[in-house]
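J.: Chains as they are written, first to last, in my numbering: chain A, 125 to 799; chain B, 141 to 330; chain C, 290 to 587.
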């Protein structure tokens, strides 16, 4: 019996209809495509009325297949599957073809675009006739969640879930949770103390009955899929027995080896070889850095081991792999600061009084190496004049094209702290001042009032090459004041570089492990930039905080909470639908060659030794099709993407092609004529 | 969404400058940040900084731009080019402005076009340039008075055998002339 | 090792010391420079101010006349190096430039495909191809005690050269550290010498020269090492004029880096043409290095 196909061409307002002659496409479908019994075009197919139209036609016209030519299936496939269900048709008998992103938005010529839309509709209609009803599968959702990254976004996500009664495994690469926020002095625009608002959350996480905290640990491997991920975590060797250690700190106090702390103190302070990064660290268990420890250098010392009251030092401790099963994963891995030595003309690393923003945070911080006294690197001189340079490594095609978003506000904060603590003359060199969140513009106004000397211009160079007597002994900032159009030189005592926020150095690698992608810049790509900013294209994997893109603390907290809410929803529902688009092996024809076993990227094929055949583990299969094409006997079929569907689609796309002489005609092909 | 009705509404002068410079279309991305004007070793002698010139080009102020001294103070040090956060070929745009100014006789108050002509004149006669001839010819024609100041320097060079009286001539002068003639006929570069 | 060599006009005339010392150094270090037959002037910056296509075509003739076996072209002069390299790059990146230049070249029976010839600066050759180990082996007269200020200027390092930093180049610094010299780390080593501004606006040019000399003096350099004839001429020949213009008394010898490299390799002053500079470098070199056996003086 011939299928009865309904074709619906969406205008998408003017998004499609502005370029494609949608009425002509519908007319073409009804007149030229076999088995099409209804073809309509409509202003917004995704509207209630559009969906109703499909439902009604299924009932009245007895449609057995539906084609919707509109936007991307990412956006509305679910919508139209639901419409089909409501009309009494199996939802997998729908095919969506994209005549917006793949056609109207990318072509200039309306005639050619209309012709292409016809081909796409024809391909879709021929394919849909071969589609088969499928039943979705449901799996239980493991209620435990993995959070990767213990900065403010990860902490927020962890607490939201743990407080709601769900178990969370929190993995942090560094010895303590807290992230960059723990390094900051004050937070803008309210200027509350960063540690004061952060540390309560840290200790809450550290003591939470629902949280398993793994610090100094890294994500090693992720397998499985939404609802049931299996995760391997590398617990790096602390060289300290976590359970025996009481956090008394004697080992740290007595350790004779002092090294520059390039991590927490951003190179501004020292730490011991065995250390806790800062006094409020969570957990209060030190880490022994084998790179600088005297014992590891020349098998001597052992001071910490001798003095530890609970005998918790373990020089022979090795890395350990911890395996956990979780239902969902929230990635909140944050950012790293731009390496300012990449812009040699700003003199960082060569000129002593040029600082990075992070160095200045530590310099300002009451708990920092100078106890919050702002002094030059000589340890005593208070700067009388300071230049703050915006957009260092951001808004710069030579480094990062994007705006880092937070640096303007951080620069304003620094200016305020400098004026408050030193009374220095502060110059702020900017291209544009961006203060577009709540109370930010007001903070800018406050700084204007406080007398910051704002200079509109991207600094050209920072140098110690003096030209005038008043420049002697100073660090000179050379810049065009673009508002007067004059080249100026500003001799100052201190220069602060507002470096860009960059993706973590291993963001791409971690993304690959979890099956999520990065933007060109290296930030994780969200499912939808506006409507689904914390989900990713991989179900069950969510992102929060700066790993998704530069943002401030409030926005990171919002994303952490949002990701937790999404996960909580999944846990509450308890089950998750899995697309029935999986591979299956015709066991009677399988030769047992096992080629497919090793090809499967998801380890979803097992070998039945007794019957000597391969079998697909449906719950693990992602429907990628690798095995289908690899099978030498051709006995593996990918549901929803089988050969007859794909050949029909190709035939449909080439509906107007004239076969060259000598090529077998339609009757011999696998496609259309088979119906 | 880019449509076929999209038109470039930037000034005609903008199009003129950009089309005369390979890669010049990047000028559309100028942020007016001034990293060029701040970098320029002669920035403080310029009537308008390069950044200002770009704003003027955008505004279509052709006469003022071509009469400006900016491009004549450009020493081709390329600091602006390598530092520009938008990767605009600024030095090359300065060359384009020099060409336009010379072509229309707008280059005033500068001897640079005369120097350039003297120099390339030698190339077209000998295939190689000729420092002493260049300097003396250029100074005699353009700055006869300032030559006196340079006499001690010239003597210094002369006594060390560093001033040559005759340039070398290349063998295939005809070939070079044919190439130059053809290039001039075709015109432009990008 | 054999390379095609493009000396450029200045090295034929006023900056012969550069050419002579380059060739002398090459002999000691064991690489061969084969002068490109019948090369023509690169046009410096002057053609680009008049007609871009003529500029690129005149330059491209030099690339086009390289024999197929001449795959690397070495240019010691900054302007020549940049012009040759830039033309190759413009032709590679802009198909219209490529076809127009080739149309012009065809009038002379020539053709050039970008990428055919790799244009390199002499410093790159010595730093990369010869390298530290081979150089150290050949040192006859370590430069111990001599404070040298490497001066890179502009066009060897910018807009691109592929072998050193555009803002704070280090290769010449490293080279002379290998040779035992005390290398002066001064901030203006890649700033502008004024180029042709000496002939257009002496005030502007002299100020640029002053900045360089002042910085070298401030950092107590014994001499400045150049790798461009224009830089050498501006800093050396104009030094007296700059001195009187600013009422200073500069006495800073300016020589080509290959001249001092030659001294380190045991060549005498005459061989590397020390003495051709206006502000004599001989005395300070002799004073700092002591009585070197091979040095006959200039």
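All residues carry an ideal CB built from backbone N, CA and C; glycine is no exception.
Are any of the Cβ atoms in chain C nearer than 8 Å to that of residue 263 of chain B?
T.: Chain C, which has a Cβ nearer than 8 Å to the Cβ of residue 263 of chain B, makes this yes.
J.: At a CB-CB cut-off below 7 Å, which residues of chain A make contact with residue 457 of chain C?
T.: Under the 7 Å cutoff, chain A gives 468.
J.: May I ask you to report which of helix, strand or coil DSSP gives residue 187 of chain B?
T.: Reduced to three states, the DSSP call for residue 187 of chain B is coil.
J.: Would you list, in chain order, the members of the region 584–607 of chain A that have their beta-carbon closer than 9 Å to a beta-carbon of chain C?
T.: The residues in question are 585, 587, 588, 589, 590 and 591.
J.: So which residues of chain B does residue 145 of chain A contact, with C-beta pairs closer than 9 Å?
T.: Chain B residues near residue 145 of chain A: none, gap ~15 Å exceeds 9 Å.
J.: Could you check if residue 247 of chain A belongs to the surroundings of the ligand ZN, using beta carbon to heavy atom distance under 7 Å?
T.: Within the structure as shown, the ligand ZN is missing, as the structure has no ligands at all.
J.: Is residue 144 of chain B helix, strand or coil when you go by DSSP?
T.: At residue 144 of chain B the pLDDT is 49, less than 50, meaning the model places this residue with poor confidence; the figure from the coordinates comes in the next sentence. DSSP places residue 144 of chain B in coil when its eight states are reduced to three.
J.: Does the region 423–436 of chain A come close enough to the region 345–358 of chain A to have 3 or more Cβ pairs within less than 8 Å?
T.: Too few Cβ pairs lie closer than 8 Å, so no.
J.: Just the chain A side, please: which residues come within less than 9 Å of residue 191 of chain B by C-beta, in chain order?
T.: Here the neighbours are 581, 604, 606 and 609.
J.: How far does the alpha helix (DSSP H) with residue 569 of chain A in it reach, from first residue to last?
T.: It spans 564–574 - the alpha helix (DSSP H) in which residue 569 of chain A sits, taken as one unbroken run.
J.: On the three-state DSSP scale, how would you describe residue 347 of chain A?
T.: Residue 347 of chain A falls in the strand class under three-state DSSP.
J.: When we look at the beta-carbon of residue 562 of chain C and count the other beta-carbons within 10 Å, is it buried (16 or more) or exposed?
T.: Buried.
J.: How many whole angstroms separate the CB atoms of residue 500 of chain A and residue 507 of chain A, which I take to be in contact at a CB cut-off of 8 Å?
T.: About 6 Å separates the two Cβ atoms, so the contact holds.
J.: Determine whether the beta carbon atoms of residue 640 of chain A and residue 677 of chain A lie at a separation below 8 Å.
T.: No. Outside cutoff.
J.: Counting Cβ pairs, one atom from each stretch, are 3 or more of them under 8 Å apart for the region 725–734 of chain A and the region 180–189 of chain A?
T.: As far as the Cβ criterion goes, the region 725–734 of chain A does not touch the region 180–189 of chain A, which means the pair count is below three.
J.: Relative to the C-alpha of residue 283 of chain A, which candidate in A:304, A:514 and A:327 has its C-alpha closest?
T.: Per the Cα distances, A:327.
J.: Between residue 555 of chain A and chain B, is there a C-beta pair that is closer than 8 Å?
T.: Judged by the 8 Å Cβ criterion, residue 555 of chain A is in contact with chain B.
J.: Can you tell me whether residue 534 of chain C is helix, strand or coil according to DSSP?
T.: Here residue 534 of chain C sits in helix by DSSP.
J.: Comparing C-alpha positions only, which one of A:592, A:547, A:591 and A:535 sits nearest to residue 564 of chain A?
T.: Closest by alpha carbon: A:535.
J.: Would you call the CB atoms of residue 190 of chain B and residue 177 of chain B closer than 8 Å?
T.: Cβ distance < 8 Å, so residue 190 of chain B and residue 177 of chain B count as in contact.
J.: Would you decide whether residue 149 of chain B is buried or exposed? Buried here means 16 or more other CB atoms lie within 10 Å of its CB.
T.: Residue 149 of chain B is exposed by the Cβ-count criterion.
J.: How many angstroms separate the CA atom of residue 389 of chain A from the CA atom of residue 200 of chain A?
T.: So the two alpha carbons sit approximately 49 Å from each other.
J.: Could you name the residues of chain B that residue 322 of chain C contacts, counting a contact when the two beta carbons are closer than 8 Å?
T.: Correct list: empty, because the minimum Cβ distance to chain B is about 18 Å.
J.: Can you check DSSP and say which residues form a bridge with residue 272 of chain A?
T.: In the DSSP output, where bridge partners are listed per residue, residue 272 of chain A has A:295 and A:455.
J.: Return helix, strand or coil for residue 480 of chain A, following the three-state DSSP convention.
T.: Residue state, collapsed to three classes: strand.
J.: If we ignore side chains and look at the alpha-carbon of each, how far apart do residue 198 of chain B and residue 230 of chain B end up?
T.: Answer to the nearest angstrom: the Cα atoms are 15 Å apart.
J.: Taking just the CA atoms, how far does residue 447 of chain A sit from residue 765 of chain A?
T.: Going from the Cα of residue 765 of chain A to the Cα of residue 447 of chain A covers about 35 Å.
J.: Just to confirm, is the Cβ distance from residue 276 of chain A to residue 455 of chain A under 8 Å?
T.: No, the Cβ-Cβ distance between residue 276 of chain A and residue 455 of chain A is not below 8 Å.
J.: In chain A, which residues lie less than 7 Å from residue 223 of chain B when you measure between Cβ atoms?
T.: 469 and 584, listed in chain order.
J.: Taking residue 172 of chain B as the query, report the chain A residues whose CB atoms sit under 7 Å from its CB, ordered along the chain.
T.: Residues of chain A passing the Cβ test: 606.
J.: Could you tell me the alpha carbon to alpha carbon distance between residue 267 of chain A and residue 696 of chain A, rounded to whole angstroms?
T.: Their Cα atoms are separated by approximately 8 Å.
J.: With distances taken from CA atoms, which of A:187, A:439, A:265 and A:469 is nearest residue 159 of chain A?
T.: Residue 159 of chain A has its Cα closest to that of A:187, out of A:187, A:439, A:265 and A:469.
J.: Tell me whether residue 361 of chain A sits in a helix, a strand or coil according to DSSP, three-state version.
T.: In the structure shown, residue 361 of chain A sits in coil (DSSP, three-state: anything other than H, G, I, E or B).
J.: Measure the Cβ-Cβ separation of residue 291 of chain B and residue 483 of chain C and say whether it is below 8 Å.
T.: Against a cut-off of 8 Å, the Cβ pair of residue 483 of chain C and residue 291 of chain B comes out as no contact.
J.: What does a CB cutoff of less than 7 Å around residue 435 of chain C pick up in its chain, not counting 5 residues either side in sequence?
T.: So the qualifying residues of the chain are 470, 471, 511, 574, 577 and 578.
J.: Would residue 363 of chain A and residue 445 of chain A be called neighbours here (beta carbons separated by less than 8 Å)?
T.: Not in contact: residue 363 of chain A and residue 445 of chain A (Cβ atoms no closer than 8 Å).
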